[in-house]
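Engineer: Okay, here's the structure, questions in a sec.
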Amino acid sequence: MRIAVCPGSFDPVTKGHLDIIERASKLFDKVIVLVSFNPRKLNSAAFTIEERMKLILEVTKDMDNVLVDCHSGLLAEYLARTNACAIVKGLRAVSDFEYEFQMALTNKKLYPEAETVFLTTSAENMYLSSSVVKEIASLGGDISEFVPGEILDDINSRLFVPDQN
Ligand code: PNS
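Once you know that position 133 of the sequence shown is 132 in numbering that gives the first Met the number 0, the rest is easy, because the numbers rise by one and skip nothing.
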């Protein structure tokens, strides 16, 4: 069985992530969406790991070969434990490339049995990121274009704090 892992912060999951997960699910027998620990985003998390997993579960519930898990250690260690053959990442713009390239090479060193597979993001999601979604929602803006409809209310109610003044 060919198992792929889609790792990320998913804080929260967006339509851009969902597009990559859906396409990966057509390429591999099993896809594990892995809510992972990004040391660079330590202090900027809006959702707990459990909340993020719940949102991903909701939007992937109709994808039979997609599972959701979390991991706080090295991705390479998780890949080895699950016998995964691929890491699937979405690439948006050239600005993503240097960081993603560095991670791909590092993961290859740490766990040579898995390949990193980059899927180019769909044109409509080029500009989309969880940070942008968080900023818009926290200021009361409309994020319906950016996140799946079934989790829109959950995200809004969690992020939008009306101005009390
Ligand atoms: O969505 P993100 O925040 O860009 O995802 C980055 C993530 C979580 C995939 C990356 O930070 C990661 O793999 N973290 C796990 C820890 C690890 O293995 N670090 C070494 C990778 S070079």
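Glycine included, every Cβ here is placed at the ideal spot set by N, Cα and C. Model, not experiment: these values are computed from the prediction.
(1) With distances taken from each beta carbon to the nearest heavy atom of the ligand PNS, which residues come in below 5 Å, in chain order?
(2) Answer yes or no: do M0 and K29 have a C-beta to C-beta separation smaller than 8 Å?
(3) Between P11 and S35, how many whole angstroms is the CB-CB distance? I'm expecting something under 8 Å.
(4) Taking 8 Å as the threshold, find out whether the region 99-119 comes into contact with the region 143-152 through three or more Cβ pairs.
(5) Does the distance from the CB of S129 to the CB of T13 come in under 8 Å?
(6) Restricting to Cα atoms, I'd like to know which of L118, Y98, E134 is closest to R39.
(7) In the structure shown, what three-state DSSP assignment does A85 receive?
(8) With D141 and L54 assumed to form a contact (beta carbons below 8 Å), what rounded beta-carbon distance in angstroms separates them?
(9) Give me the residue from I20, R157, T119 with the minimum Cα distance to V65.
(10) Would you identify the three-state DSSP class for E144, choosing helix, strand or coil?
(11) Count the other CB atoms, across all protein chains shown, that sit within 10 Å of the CB of V132; report buried if there are 16 or more and exposed otherwise.
(12) The beta strand (DSSP E) spanning D68 covers which residue range?
Structural biologist: Taking the geometry as given:
(1) So the residues near the ligand PNS by this Cβ test are P6, G7, S8, S35, N37, L73, L74, M102, T105.
(2) If you number the sequence shown from 1, residue 0 lands on position 1. If you number the sequence shown from 1, residue 29 lands on position 30. Contact: yes.
(3) As a first step, residue 11 must be located in the sequence shown, where it is residue number 12. As a first step, residue 35 must be located in the sequence shown, where it is residue number 36. Contact doesn't hold; Cβ gap of about 14 Å is too wide.
(4) Touching, no.
(5) Counted from its first residue, the sequence shown places residue 129 at position 130. Counted from its first residue, the sequence shown places residue 13 at position 14. Result yes, Cβ atoms of S129 and T13 sit closer than 8 Å.
(6) If you number the sequence shown from 1, residue 39 lands on position 40. The alpha carbon of R39 has as its nearest neighbour, out of L118, Y98, E134, the alpha carbon of Y98.
(7) One-based indexing of the sequence shown puts residue 85 at position 86. Strand, per DSSP.
(8) Residue 141 sits at position 142 when you count from the first residue of the sequence shown. Residue 54 sits at position 55 when you count from the first residue of the sequence shown. Not really, about 18 Å apart at Cβ, beyond 8 Å.
(9) As a position in the sequence shown, residue 65 is number 66, starting the count at 1. Here the closest residue by C-alpha is I20.
(10) On the sequence shown, residue 144 is found 145 positions in, with the first residue counted as 1. Coil, per DSSP.
(11) Looking up residue 132 in the sequence shown gives position 133. V132 is buried by the Cβ-count criterion.
(12) The residue you call residue 68 lines up with position 69 of the sequence shown. It spans 65-70 - the beta strand (DSSP E) in which D68 sits, taken as one unbroken run.
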